[in-house]
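**Q** When we follow the working numbering, the leftmost residue of the sequence shown carries the number 5, and every step to the right adds one.
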Amino acid sequence: MFMLKVSKFEKKLVWITSGVIGASLIITAFLSVFYFKVKLIFRPDELMFMAMIIALFPPAIVNFLDTRWKNDVDSNIPKMLKELAEAGRTGVTLIRALELASERRYGALSKELKRIVNQLSWGATFEETLKSFSDRVETKLAKRTAVLLTEIHKVGGDVQEVLEVVSRHINELQTIERERQSQIRPYVAIVYIAFLVFLLIDILLIRSFFWELTSLQETLQSAGGFFMGGAIDLNQIETILFHLSLIEAFYGGLIAGKMGEGSIGAGLKHSVLLMVIGFIAFFFFVWNPIF
Numbered sequence: 005m006f007m008l009k010v011s012k013f014e015k016k017l018v019w020i021t022s023g024v025i026g027a028s029l030i031i032t033a034f035l036s037v038f039y040f041k042v043k044l045i046f047r048p049d050e051l052m053f054m055a056m057i058i059a060l061f062p063p064a065i066v067n068f069l070d071t072r073w074k075n076d077v078d079s080n081i082p083k084m085l086k087e088l089a090e091a092g093r094t095g096v097t098l099i100r101a102l103e104l105a106s107e108r109r110y111g112a113l114s115k116e117l118k119r120i121v122n123q124l125s126w127g128a129t130f131e132e133t134l135k136s137f138s139d140r141v142e143t144k145l146a147k148r149t150a151v152l153l154t155e156i157h158k159v160g161g162d163v164q165e166v167l168e169v170v171s172r173h174i175n176e177l178q179t180i181e182r183e184r185q186s187q188i189r190p191y192v193a194i195v196y197i198a199f200l201v202f203l204l205i206d207i208l209l210i211r212s213f214f215w216e217l218t219s220l221q222e223t224l225q226s227a228g229g230f231f232m233g234g235a236i237d238l239n240q241i242e243t244i245l246f247h248l249s250l251i252e253a254f255y256g257g258l259i260a261g262k263m264g265e266g267s268i269g270a271g272l273k274h275s276v277l278l279m280v281i282g283f284i285a286f287f288f289f290v291w292n293p294i295f
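#1: In whole angstroms, give me the CA-to-CA distance for Lys83 and Asp70.
#2: Who are the near neighbours of Lys74 in its chain, counting only those whose CB is closer than 6 Å to its CB and skipping five residues on each side?
#3: Based on Cα-Cα distance, which residue from Phe246, Leu51, Glu181, Gly271 lies nearest to Val195?
#4: So, are the CB atoms of Phe130 and Thr149 less than 9 Å apart?
#5: Could you check which residue in Val192, Ile241, Gln187 has the C-alpha nearest to that of Phe213?
#6: To test your reading of the DSSP string, which unbroken beta strand (DSSP E) runs of 3 or more residues are found completely within the segment 153-179?
#7: So the alpha helix (DSSP H) Leu8 belongs to, where does it begin and stop?
#8: Please report how far the alpha carbon of Ala193 lies from the alpha carbon of Glu14, in whole angstroms.
#9: If I follow the unbroken alpha helix (DSSP H) through Val77, where does it start and stop?
#10: Pull up the distance between the alpha-carbon of Gln221 and that of Leu245, whole angstroms please.
#11: Does DSSP put Thr32 in a helix, in a strand, or in coil?
#12: For Lys86, collect the residues of the same chain with a Cβ closer than 6 Å to its Cβ; drop the 5 residues on either side in sequence, then sort them by chain order.
#13: Just to confirm before moving on: does the CB-CB distance between Met7 and Asp76 stay below 9 Å?
#14: May I have the straight-line CA-CA distance separating Leu200 from Arg211, to the nearest angstrom?
#15: Measuring only from the beta carbon, is Val163 closer than 8 Å to any heavy atom that is part of the ligand MN?
#16: Closest to Met54 by C-alpha separation, out of Ile30, Lys43, Leu44, Lys41, would be which residue?
#17: Between Gly23 and Leu278, what straight-line distance do the alpha-carbon atoms span, to the nearest angstrom?
#18: Give every residue of the same chain whose Cβ lies closer than 6 Å to the Cβ of Ala89, excluding the five residues on either side of it in the sequence, and list them in chain order.
#19: Contact check, Phe236 vs Leu217 under 8 Å by CB: the rounded distance?
#20: Leaving aside the five residues before and after Phe4 along the sequence, list all residues of the same chain whose C-beta is less than 6 Å from its C-beta, in chain order.
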């Protein structure tokens, strides 16, 4: 399972870089069409879509990988606490127990434990190393665990029972969270279904109503007749509906992320996926109809 730790600075850098590249693409297309009068291969809407994907896709991937890394760390913390308690029963100190734990396999947490051990060997205090650990991981569970271990180290004595109770408590909380996510998953699916219905209505309106209306208008004009209601700009209608589908996809994806994972940033992957679906639908059923 590929995952990656991404710092806040790196996330901001990805956002800024992607945004600048996307904006540059839009500005270049605008100048080419309206200033230099260059005929482009792609439609303006297609260029706008590419710019939005370029601006959103890298941050979505970075956020997705970072979330997987944090979830992996959190999922291994209860196991680590339980084994610290077991090591304490043999008379091993907490620091020595952490050294032993760093040699075991805890996924992404193992590297963080090795960092803690290395910092301790370099002369850093126990409190400083755990504070550094919580700042790097940036999850509530990691921060609470760091505070807990710091206090246990200060108090000393028989702490095995405390560690076992905390480990069981965290396991229960994670089980509750998994149950919550499984219960909320249907609501995330509703976001996708709502968007697909919206997209279907857009395409049916264009193909079954506006195309027929435009065809009728052209027939009447060629026959010398008069069409009530004025001329219909089909390209403008298609553009407006396409833009509405992109807006629906973007905000629908953010809502899906907030409901499913409790984070708006987690919704970027949903937004990108829905926007790609909308673009493909318009490309093959409106702009270049395959049937």
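Ideal placement from N, C-alpha and C gives every residue a C-beta, glycine not left out.
Predicted model only: the values in this text are computed from it and were never measured.
**A** According to the data block:
#1: Per the coordinates, the alpha-carbon of Lys83 lies some 21 Å from the alpha-carbon of Asp70.
#2: Non-local beta-carbon contacts of Lys74 in its own chain, meaning distances under 6 Å to residues more than five positions away in sequence, involve Thr143 in chain order.
#3: The shortest Cα separation from Val195 among Phe246, Leu51, Glu181, Gly271 belongs to Gly271.
#4: Against a cut-off of 9 Å, the Cβ pair of Thr149 and Phe130 comes out as no contact.
#5: Of Val192, Ile241, Gln187, the residue nearest in Cα terms is Ile241.
#6: You should have found no qualifying run.
#7: For Leu8, no alpha helix (DSSP H) segment is defined, and its DSSP state is neither H nor E.
#8: Taking the straight line joining both Cα atoms gives about 31 Å.
#9: 48-93 is the extent of the alpha helix (DSSP H) around Val77.
#10: Taking the straight line from one Cα to the other gives about 21 Å.
#11: Annotated three-state conformation of Thr32 is helix, per DSSP.
#12: Closer than 6 Å at Cβ, skipping near neighbours: Ser171.
#13: In this structure, Met7 lies near Asp76, with their beta-carbon atoms less than 9 Å apart.
#14: Distance between the alpha carbons of Leu200 and Arg211 is about 16 Å.
#15: No copy of the ligand MN appears in this structure; indeed no ligand is present at all.
#16: Measuring from the Cα of Met54, the nearest candidate turns out to be Ile30.
#17: Going by the C-alpha atoms only, they are around 19 Å apart.
#18: Contacts found: Gln164, Leu167, Glu168.
#19: Correcting the residue type first, residue 236 is Ile in the shown sequence and not Phe. Rounded to whole angstroms, the Cβ separation of Ile236 and Leu217 is 6 Å, and the two are in contact under 8 Å.
#20: The shown model of the chain, from 5 to 295, leaves out residue 4, and the question about it has no answer.
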